[in-house]
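Quick note: to get the working numbering, add 116 to the position in the sequence shown (first position is 1). I have placed the structure first, in the form of structure tokens, so that the comments after it can refer back to it.
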Amino acid sequence: MTAKSTNPAYTRSAVPSEPENELASVNASARELLLWEESLGAEGFPGSKPGAPQSRTAGESARSEAMEDCQARLKVLADDAATCARCDLSKGRTQSVFARGTPDTDLVFVGEGPGYHEDQEGLPFVGRAGQLLDRMIAAMGYPRDGVYICNVVKCRPPENRTPLPSEAAACAHFLVPQLELVQPKVIVALGRCAAENLECVPPAGRWRGVWGEWRGVPVMPTYHPAFLLRSPEFKKPVWEDLQAVLGVLNRELPKRAR
Ligand code: SF4
Numbered sequence: 117m118t119a120k121s122t123n124p125a126y127t128r129s130a131v132p133s134e135p136e137n138e139l140a141s142v143n144a145s146a147r148e149l150l151l152w153e154e155s156l157g158a159e160g161f162p163g164s165k166p167g168a169p170q171s172r173t174a175g176e177s178a179r180s181e182a183m184e185d186c187q188a189r190l191k192v193l194a195d196d197a198a199t200c201a202r203c204d205l206s207k208g209r210t211q212s213v214f215a216r217g218t219p220d221t222d223l224v225f226v227g228e229g230p231g232y233h234e235d236q237e238g239l240p241f242v243g244r245a246g247q248l249l250d251r252m253i254a255a256m257g258y259p260r261d262g263v264y265i266c267n268v269v270k271c272r273p274p275e276n277r278t279p280l281p282s283e284a285a286a287c288a289h290f291l292v293p294q295l296e297l298v299q300p301k302v303i304v305a306l307g308r309c310a311a312e313n314l315e316c317v318p319p320a321g322r323w324r325g326v327w328g329e330w331r332g333v334p335v336m337p338t339y340h341p342a343f344l345l346r347s348p349e350f351k352k353p354v355w356e357d358l359q360a361v362l363g364v365l366n367r368e369l370p371k372r373a374r
């Protein structure tokens with residue numbers, strides 16, 4: 117398995133609030149990038165020699181190749197899911213629903229399973245709950261497709277019921293490598309089912325808003341957007357959870373959301 121680049125120059129950082137801080141941040145990033153490229157065998161700033169053709173830096177090329185490899189492996193998984201019959205959910209699906217968004221991200225949302233609209237369109241979170249999730253993502257300062265979104269099970273359970281443990285276990289065949297390929301810095305588990313399958317529900321006590329961990333990745337369990345549509349009074353604690361996620365990602369809250 118090819119890991120994504122760990123180039124420090126590409127890691128997301130907090131947005132500087134002052135021009136001098138911004139300049140210092142740009143200088144620091146440029147220095148990190150130069151050190152990274154030198155470690156890959158590059159000499160000096162790329163393209164600095166007179167007449168040298170403009171080309172991608174070694175760091176950019178390595179990162180691009182790693183991402184292409186990641187996307188190719190995810191496509192193999194998605195193609196496998198499209199014809200999968202590892203559990204009985206295959207019998208009622210219109211199509212499997214693998215993911216939406218980009219694997220080139222630091223943030224992944226994991227939900228429960230596809231509903232009616234998702235089953236019809238082949239994409240996760242495209243119904244009313246998906247629209248609410250999109251607003252939550254926008255409030256966090258991400259573009260709609262700037263995160264990666266998937267579910268515990270890839271096929272719609274009958275009447276939108278919670279996936280059975282056996283179904284979730286069968287579909288871990290896809291979820292586990294999916295998350296390992298994307299390598300997010302934080303996972304948000306949407307709803308108890310997702311939190312349970314990411315092993316982040318304690319035997320007793322509160323589960324929402326309590327940081328867990330899945331294979332070394334911090335997991336924030338919070339309420340599912342479908343639950344928030346029915347119980348909007350819980351939007352505030354969910355927003356607090358998402359702000360905690362931004363803190364771990366070292367990202368500032370967008371000004372309009374403060
Ligand atoms: S839910 Fe997952 S394991 Fe079950 S049939 Fe669909 S893709 Fe296969």
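Every residue gets a Cβ at the ideal spot worked out from N, C-alpha and C, and that includes glycine.
Residue i and residue j closer than 8 Å at C-beta
| i | j | result |
| --- | --- | --- |
| Pro219 | Leu306 | no |
| Leu314 | Val213 | no |
| Gly243 | Arg367 | no |
| Leu205 | Glu283 | yes |
| Arg346 | Pro337 | no |
| Pro300 | Val326 | no |
Nearest candidate by alpha-carbon position, reference residue i, set the options
| i | options | result |
| --- | --- | --- |
| Ala286 | Trp327, Asn267, Glu356, Lys301 | Asn267 |
| Val364 | Lys371, Lys352, Pro273, Gly328 | Gly328 |
| Glu312 | Lys301, Ala288, Lys207, Arg216 | Ala288 |
| Val335 | Val304, Glu349, Gln359 | Val304 |
| Pro279 | Gln211, Cys203, Ala215 | Cys203 |
| Asn276 | Gly208, Cys186, Gln299 | Gly208 |
| Gln359 | Cys309, Pro293, Ile253, Arg179 | Ile253 |
| Thr210 | Gly217, Ala201, Val333 | Ala201 |
| Trp330 | Ala310, Ala197, Glu349 | Ala310 |
| Leu421 | Glu176, Leu193, Val354, Cys186 | The structure shown has nothing for residue 421, since the chain only spans 117 to 374. |
| Trp355 | Val302, Ala255, Asp196, Arg308 | Ala255 |
| Val302 | Pro353, Thr199, Glu349, Asp357 | Asp357 |
| Pro370 | Met183, Pro259, Lys191 | Pro259 |
| Leu190 | Ser171, Pro348, Gly175, Pro293 | Pro293 |
| Asp195 | Ser177, Arg172, Ala215 | Ala215 |
Whole-number beta carbon distance between residue j and residue i, since they are thought to touch under 8 Å
| i | j | result |
| --- | --- | --- |
| Leu295 | Val224 | 7 Å |
| Arg272 | Asp235 | 4 Å |
| Val269 | Gly229 | 4 Å |
| Gly217 | Ile265 | 5 Å |
Contact test: residue i Cβ vs the ligand FMN heavy atom, cutoff 7 Å
| i | result |
| --- | --- |
| Val304 | With respect to the ligand FMN, the structure shown offers nothing to examine, as its ligands consist of the ligand SF4. |
Exercise for review: Count the C-beta pairs between the stretch 238–246 and the stretch 307–325 that are closer than 8 Å, then say yes if the count reaches three, no if not.
Suggested key: no
Review point. Any residues whose CB sits closer than 7 Å to a heavy atom of the ligand SF4? List them in chain order?
Key: Ala197, Cys200, Ala201, Arg202, Cys203, Leu205, Ser206, Arg209, Ser212, Val269, Lys270, Cys271, Glu283, Ala286, Cys287, His289, Phe290
**Study point:** At least 3 beta-carbon pairs within less than 8 Å: the stretch 246–261 vs the stretch 332–346
**Key:** yes
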